[in-house]
Amino acid sequence: MYRLLYPMRTFLVVSGNGEEADVMTADWLTVLSNKPFMIGVAVAPKRYTHKLIKKYGEFVISVPTLEMLKDVWIAGTKSGPSKLKDMNITLVDSKKVATKSIGEAVANLECKLVDEQIYGDHTFFVGEVMHYTYNEAAFRNNKPNLKYNFLAHLGLNEFVTFEDKIHEM
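The opening position of the sequence shown corresponds to residue 33 in the numbering used here, with each subsequent residue numbered one higher.
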């Protein structure tokens, strides 16, 4: 059962353009390569985001915080661009892709689609990160500042943040 891997970090996936712009919550995301910087995200074919990533060949991964929890919930439980009117986010221009970034996110990674594979009931989309923007205070000394309350999904409707305590070996 996949829930044995939880808690998992929670992200927002922005896809599409103009009236088709959409935001989806995703936990199933991973880094695949440092050089070139590539990340992968699993998306079910029934999700509107799936159609948009295939159509436009790009997407943006946005890193939300606890302050965005209501938006994360809406993006994960409603489908299609109409949900954006219920969300309290600002879509802003990205630097290297046409897909917008989320202004309130502490980081945005702009990705060009380089591969996709079907695994069971999900498509694994691989994107090369073409550009990224981030809040410098949220990533001090090249690592996350836990005071920014990065989200992790426990399952169903429960989320946690990370304790501001580092355990070193």
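Using N, Cα and C, we set each Cβ at its ideal position, and we do this for glycine too.
Note that the structure is a prediction, hence the values are computed from the model and not measured.
Same chain, Cβ closer than 6 Å to Asn140, neighbours up to 5 away in sequence not counted: Val92, Ser94, Ser133 and Thr165
Residue(s) in a DSSP beta bridge with Met56: Val45
Candidates Gly187, Glu195 and His199, of which the one nearest Met33 by Cα: Gly187
With H, G and I counted as helix, E and B as strand and the rest as coil, what does DSSP make of Tyr38? coil
Beta-bridge partners of Met70, as assigned by DSSP: Ser65 and Glu160
Which of helix, strand or coil does DSSP assign to Ala170? helix
Is DSSP giving Ser133 helix, strand or coil here? strand
Between Pro77 and the rest of its own chain, which residues show a CB-CB distance below 7 Å, the 5 nearest in sequence each way excluded? Thr155
Check each candidate in His163, Ala169, Glu168 and Asn49 and name the one with the smallest Cα separation from Met70. His163
Looking at the unbroken beta strand (DSSP E) that takes in Val104, where does it start and where does it end? Unbroken run through Val104 is the alpha helix (DSSP H), Leu101 to Thr109; no beta strand (DSSP E).
For the ligand ZN, is there any heavy atom lying closer than 7 Å to the beta carbon of Tyr88? Among the components of this structure there are no ligands whatsoever, and the ligand ZN is therefore not found.
I'd like to check one pair, Leu183 with Val73: are the Cβ atoms closer than 8 Å? no
Quick test of the definition: if touching needs 3 or more C-beta pairs under 8 Å, does the stretch 105-117 touch the stretch 142-159? no
Less than 6 Å between C-beta atoms, sequence neighbours within five positions excluded: which residues of the same chain meet that for Gly89? Leu145
Relative to the alpha-carbon of Lys127, which residue among Val75, Val161 and Asp153 has its alpha-carbon at the smallest distance? Val161
According to DSSP, residues forming a beta bridge with Ala139: Val95 and Tyr166
Along the chain, where does the beta strand (DSSP E) containing Leu186 start, and where does it finish? Ala184 to Gly187
Arg79 to Ala170 span [Cα, whole Å]: 30 Å
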